[in-house]
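Trainee: Here the protein sequences line up with chains A and B, keeping their order.
12 is the number of the first residue of the first sequence in the numbering used here; add one for each residue after it.
12 is the number of the first residue of the second sequence in the numbering used here; add one for each residue after it.
A virtual CB, placed ideally from N, CA and C, is assigned to each residue, including glycine.
Dropping the structure in here first, questions after.
Number of protein chains: 2
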Amino acid sequence: MADTTTPRERARAQTLQDITRIGRSHLATEGAAALSVRAVARELGVVSSAIYRYVRSRDDLLTLLVVDGYDELGDEVDAAVAKVAVDDHRGRFVAIGRAVRRWALREPATYALLFGSPVPGYQAPGERTTGPGTRVIGALVRVWEDAYAAGAVRLPDDTPPVPRKLAADVKRIRREFPSSAPEDLTVRGVLAWAALFGCVSFEVLGQYGPDTFTAVDQLFERQLQLLADTTGL
Amino acid sequence: MADTTTPRERARAQTLQDITRIGRSHLATEGAAALSVRAVARELGVVSSAIYRYVRSRDDLLTLLVVDGYDELGDEVDAAVAKVAVDDHRGRFVAIGRAVRRWALREPATYALLFGSPVPGYQAPGERTTGPGTRVIGALVRVWEDAYAAGAVRLPDDTPPVPRKLAADVKRIRREFPSSAPEDLTVRGVLAWAALFGCVSFEVLGQYGPDTFTAVDQLFERQLQLLADTTGL
DNA sequence: TTTCTTAAGAGAGCACCGCTCTCGTTTACA
DNA sequence: TGTAAACGAGAGCGGTGCTCTCTTAAGAAA
Numbered sequence: 012m013a014d015t016t017t018p019r020e021r022a023r024a025q026t027l028q029d030i031t032r033i034g035r036s037h038l039a040t041e042g043a044a045a046l047s048v049r050a051v052a053r054e055l056g057v058v059s060s061a062i063y064r065y066v067r068s069r070d071d072l073l074t075l076l077v078v079d080g081y082d083e084l085g086d087e088v089d090a091a092v093a094k095v096a097v098d099d100h101r102g103r104f105v106a107i108g109r110a111v112r113r114w115a116l117r118e119p120a121t122y123a124l125l126f127g128s129p130v131p132g133y134q135a136p137g138e139r140t141t142g143p144g145t146r147v148i149g150a151l152v153r154v155w156e157d158a159y160a161a162g163a164v165r166l167p168d169d170t171p172p173v174p175r176k177l178a179a180d181v182k183r184i185r186r187e188f189p190s191s192a193p194e195d196l197t198v199r200g201v202l203a204w205a206a207l208f209g210c211v212s213f214e215v216l217g218q219y220g221p222d223t224f225t226a227v228d229q230l231f232e233r234q235l236q237l238l239a240d241t242t243g244l
Numbered sequence: 012m013a014d015t016t017t018p019r020e021r022a023r024a025q026t027l028q029d030i031t032r033i034g035r036s037h038l039a040t041e042g043a044a045a046l047s048v049r050a051v052a053r054e055l056g057v058v059s060s061a062i063y064r065y066v067r068s069r070d071d072l073l074t075l076l077v078v079d080g081y082d083e084l085g086d087e088v089d090a091a092v093a094k095v096a097v098d099d100h101r102g103r104f105v106a107i108g109r110a111v112r113r114w115a116l117r118e119p120a121t122y123a124l125l126f127g128s129p130v131p132g133y134q135a136p137g138e139r140t141t142g143p144g145t146r147v148i149g150a151l152v153r154v155w156e157d158a159y160a161a162g163a164v165r166l167p168d169d170t171p172p173v174p175r176k177l178a179a180d181v182k183r184i185r186r187e188f189p190s191s192a193p194e195d196l197t198v199r200g201v202l203a204w205a206a207l208f209g210c211v212s213f214e215v216l217g218q219y220g221p222d223t224f225t226a227v228d229q230l231f232e233r234q235l236q237l238l239a240d241t242t243g244l
């Protein structure tokens with residue numbers, strides 16, 4: 012099937028892609044704060060004002076990189092999950108965690124852009140970022156749902172019931188992430204999700220300090236196991 | 012006892028304090044990225060170059076705010092812990108968690124500065140920040156240590172032993188945070204620590220999305236309880 | 001094939017930034 | 001009281017995001 016795009020549209024798409032690529036390389040080498048429209052323009056061999064034909068503002072350029080980053084992370088997580096047997100629920104959870112960490116360590120600047128402090132003054136436009144931004148939690152929910160459906164989730168039975176308002180939140184969330192699991196499991200999943208990124212953030216953003224852990228791999232594996240326990244996998 | 016400081020030293024300390032105060036207010040209203048030496052100078056009623064008599068660089072100004080923030084957070088955490096009975100170990104843990112969250116919600120910009128992405132190009136000088144930066148984990152370790160010493164920690168006995176290299180890390184960490192608890196508890200503590208900040212970061216830095224949770228309080232309480240469980244409190 | 005619309009890039013310019021340097025002035029100490 | 005140090009002002013440099021105007025060239029329409 013012949014593409015119906017005009018040459019102009021194709022050139023435009025190519026330039027936009029070049030801008031994203033250059034932006035990502037600058038992000039990786041200099042960090043988000045040092046990302047400048049003028050530098051990207053220079054490397055593209057164009058004057059700075061020309062960039063504004065493609066990107067509304069510097070924040071818009073950041074959004075481009077945010078979406079790009081979420082997509083790459085989502086792809087890697089999906090690929091990692093696909094390599095594990097569907098009935099190995101714990102294995103799938105661990106695979107997701109490892110994939111997130113591996114990607115974060117490889118792309119710390121992009122990770123910081125996505126999961127670190129919001130860039131000052133910059134507000135990611137929800138309509139462009141929420142879709143790609145929910146892929147990791149989406150993958151996690153699928154694991155827990157499959158595990159529960161297979162009767163493979165073991166949770167303590169002395170946990171108090173989920174309070175009313177929170178239960179209402181859970182119900183609403185299930186419109187986007189359908190699930191038949193008990194509310195308690197969903198809440199535990201939210202904890203595991205936040206905790207997973209907490210662990211990765213501490214390592215990638217340097218909260219542990221430079222010389223605290225030499226065996227971060229072993230630490231992270233242990234943390235993953237504990238989180239798998241918490242969610243009953 | 013009369014103070015031995017000269018008027019000049021006192022004036023200098025006062026000016027430094029003013030700079031910190033103005034810096035914090037700008038941080039709160041504009042965010043870390045928008046924090047500018049020139050703006051601080053304007054508000055101080057002084058020309059921008061004068062600031063450099065007190066602060067080596069913009070990064071140095073950020074370090075001032077980082078230390079200030081760590082101290083304030085540490086103070087509030089300590090105060091919160093002190094209000095709980097020493098033998099209520101779980102209550103002390105929960106108090107720490109709540110204090111961290113309360114402070115983070117009140118000072119989101121400072122929280123982002125401390126626990127979000129590192130400001131691009133800026134590297135916090137360890138010799139000035141690690142001390143104040145370890146107060147929260149210090150308080151947590153004290154809770155677990157007290158609980159263990161009181162025989163109030165209940166951990167599952169089927170947990171595999173901590174791997175060798177990680178055990179060596181734990182041993183080294185205990186030179187700074189003395190403890191007689193089993194290695195497994197320490198590792199669980201590290202998870203709880205990272206997870207606590209993961210939960211707070213998700214909420215404060217906006218990872219949950221704007222409309223996902225209406226009952227974030229209840230969610231956080233539940234997360235704290237689960238983390239207390241994980242550490243055997 | 002010729003005309004016309006429009007997208008793209010160049011360049012100047014504005015206001016701001018961090019930071020440096022120099023130059024008077026004030027202050028504290030010997 | 002003399003002097004060295006601290007301090008603030010001011011100019012200036014190279015950088016930033018962003019806007020505006022102008023010219024050119026490419027695609028679409030006739």
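Is the beta carbon of B:D99 closer than 8 angstroms to that of B:T31?
Mentor: If you number the second sequence from 1, residue 31 of chain B lands on position 20. If you number the second sequence from 1, residue 99 of chain B lands on position 88. Contact: no.
Trainee: My understanding is that B:A93 touches B:A110, with C-beta atoms under 8 angstroms, so please give their C-beta distance in whole angstroms.
Mentor: One-based indexing of the second sequence puts residue 93 of chain B at position 82. One-based indexing of the second sequence puts residue 110 of chain B at position 99. Actually they do not touch by this definition, with Cβ atoms about 11 angstroms apart.
Trainee: What is the rounded straight-line gap between the Cα of B:R101 and the Cα of A:V198?
Mentor: For the purposes of this step, residue 101 of chain B is identified with residue 90 of the second sequence, where counting begins at 1. For the purposes of this step, residue 198 of chain A is identified with residue 187 of the first sequence, where counting begins at 1. Taking the straight line joining both Cα atoms gives about 20 angstroms.
Trainee: If the cut is a Cβ gap below 7 angstroms, which residues of chain A does B:Q25 touch?
Mentor: Residue mapping note: residue 25 of chain B aligns to position 14 of the second sequence, counting from 1. Neighbours of B:Q25 on chain A: none; closest Cβ ~28 angstroms, over 7 angstroms.
Trainee: Evaluate contact between the region 186 to 202 of chain A and the region 154 to 161 of chain A, counting only Cβ atoms and requiring at least three cross-stretch pairs below 8 angstroms.
Mentor: Yes: at least three Cβ pairs fall under 8 angstroms.
Trainee: By DSSP, does B:P18 sit in helix, in strand, or in coil?
Mentor: Translated into positions along the second sequence, residue 18 of chain B becomes position 7. B:P18: helix per DSSP, three-state reduction.
Trainee: Taking C-beta pairs closer than 7 angstroms, name the residues in chain A that B:K176 reaches, listed in chain order.
Mentor: Start at 1 with the first residue of the second sequence, and residue 176 of chain B comes out as number 165. Near B:K176 (Cβ distances below 7 angstroms), the residues of chain A are T225, A226, Q229.
Trainee: Between the Cα of A:Y63 and the Cα atoms of A:T140, A:V48, A:V227, A:A24, which residue gives the shortest distance?
Mentor: Counting from 1 along the first sequence, the entry for residue 63 of chain A is found at position 52. Minimum Cα distance to A:Y63 is reached at A:V48.
Trainee: Pull up the distance between the alpha-carbon of B:D82 and that of B:V57, whole angstroms please.
Mentor: Translated into the one-based positions of the second sequence, residue 82 of chain B becomes position 71. Translated into the one-based positions of the second sequence, residue 57 of chain B becomes position 46. Using only the alpha carbons, I get a separation of about 28 angstroms.
Trainee: Would A:Y65 and A:T16 qualify as a contact pair, given that the criterion is a beta-carbon distance under 8 angstroms?
Mentor: Along the first sequence, one-based indexing puts residue 65 of chain A at 54. Along the first sequence, one-based indexing puts residue 16 of chain A at 5. Going by C-beta atoms, A:Y65 is not nearer than 8 angstroms to A:T16.
Trainee: Quick test of the definition: if touching needs 3 or more C-beta pairs under 8 angstroms, does the region 221 to 238 of chain B touch the region 182 to 190 of chain B?
Mentor: Contact between the region 221 to 238 of chain B and the region 182 to 190 of chain B is absent, because fewer than three Cβ pairs lie under 8 angstroms.
Trainee: Counting only C-beta atoms, is B:A105 closer than 8 angstroms to chain A at any point?
Mentor: Here residue 105 of chain B is taken as the residue at index 94 of the second sequence, counted from 1. A quick correction: the sequence has Val, not Ala, at residue 105 of chain B. Answer no: the Cβ-Cβ gap between B:V105 and chain A never drops below 8 angstroms.
Trainee: In whole angstroms, what is the alpha-carbon distance linking A:A24 and A:P18?
Mentor: On the first sequence, position 13 is the one that residue 24 of chain A refers to. On the first sequence, position 7 is the one that residue 18 of chain A refers to. The straight-line gap from Cα to Cα measures roughly 10 angstroms.
Trainee: Give a yes or no on whether the C-beta atoms belonging to B:F126 and A:Q229 are separated by under 8 angstroms.
Mentor: In the second sequence, the residue the question calls residue 126 of chain B occupies position 115. In the first sequence, the residue the question calls residue 229 of chain A occupies position 218. Not in contact: B:F126 and A:Q229 (Cβ atoms no closer than 8 angstroms).
Trainee: Any chance you could list the alpha helix (DSSP H) runs of at least 4 consecutive residues sitting entirely within the region 122 to 181 of chain B, in chain order?
Mentor: Entirely contained in the region 122 to 181 of chain B, the alpha helix (DSSP H) runs reaching 4 residues are, in chain order, 137 to 144, 146 to 160.
Trainee: Please report how far the alpha carbon of A:G85 lies from the alpha carbon of B:P143, in whole angstroms.
Mentor: Within the first sequence, residue 85 of chain A is the residue found at index 74, counting from 1. Within the second sequence, residue 143 of chain B is the residue found at index 132, counting from 1. Those two C-alpha atoms are separated by around 36 angstroms.
Trainee: Please classify B:A239: does DSSP put it in a helix, a strand, or coil?
Mentor: The residue you call residue 239 of chain B lines up with position 228 of the second sequence. Three-state result, B:A239: helix.
Trainee: Tell me the DSSP secondary structure of A:V40 in three-state form.
Mentor: Reading the first sequence from its first residue, position 29 is the one you call residue 40 of chain A. A small correction: the amino acid at residue 40 of chain A is Thr; Val does not occupy that position in the sequence shown. DSSP places A:T40 in helix when its eight states are reduced to three.
Trainee: Can you find a CB in chain B that lies within less than 8 angstroms of the CB of A:R35?
Mentor: Counted from its first residue, the first sequence places residue 35 of chain A at position 24. Judged by the 8 angstroms Cβ criterion, A:R35 is not in contact with chain B.
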